[in-house]
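Take a look at the structure set out below.
Numbering (my numbering), first residue to last: 1490 to 1646.
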């Protein structure tokens, strides 16, 4: 398989919500995986495993540099966006009959659970990376979210 095709596949996986891609073409096998940290700072890495016929060696790990959580481009540099580390469904509360984890105007500390993003029946708690006050909640309860989509806007202390 052509190296340019492999590079394009890596970029495709990195820029999408896909976490794993496996391709088999005869004895040729390629597996591309994106490692995602659910809590804390989002820093996915893309790994490529390439086995050619008659070879057990793998191509060295290739790391892709995806977009990380960024501060809001707003004029106030004290604003910080919490972004979804995965594709899934956004929930503001731990259960349908429970109160939301946080409300606009509430003070949060680093490590405070802000919401849950459900992906493949797994409930992933999303925590605050900073101390501050919730300024805005971008997503409605029960709505789908994409990878790197802004969820919360926090004014840092």
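The beta carbon of each residue, even a glycine, is placed where N, CA and C say it ideally should be.
Please read all numbers here as calculations on a predicted model, not as lab measurements.
{"Check": "Considering only the beta carbon of each residue, do residue 1597 and residue 1643 sit closer than 9 Å?", "Outcome": "yes"}
{"Check": "If you count every other CB in all the chains shown that lies within 10 Å of the CB of residue 1560, and 16 or more means buried, which is it?", "Outcome": "Residue placement at residue 1560 is poorly supported in this model, since its pLDDT is 41, which falls under 50; the coordinates still yield a value, given next. By the 10 Å Cβ count, residue 1560 comes out exposed."}
{"Check": "Report, in whole angstroms, the separation of the C-beta atoms of residue 1623 and residue 1593, which I expect to be a contact under 8 Å.", "Outcome": "5 Å"}
{"Check": "Between which two residues does the beta strand (DSSP E) carrying residue 1643 extend?", "Outcome": "1639-1645"}
{"Check": "Measure the beta-carbon distance from residue 1576 to residue 1515 and round it to whole angstroms, keeping in mind my assumption that it falls under 8 Å.", "Outcome": "That pair is no contact at about 32 Å."}
{"Check": "Quick one, which of 1620, 1616, 1606 has its alpha-carbon nearest residue 1630's?", "Outcome": "1606"}
{"Check": "Looking at the structure shown, is residue 1615 part of a helix, part of a strand, or coil, going by DSSP?", "Outcome": "strand"}
{"Check": "Assign residue 1499 to buried or exposed, taking buried as 16 or more other Cβ atoms, counted over all protein chains shown, within 10 Å of its Cβ.", "Outcome": "buried"}
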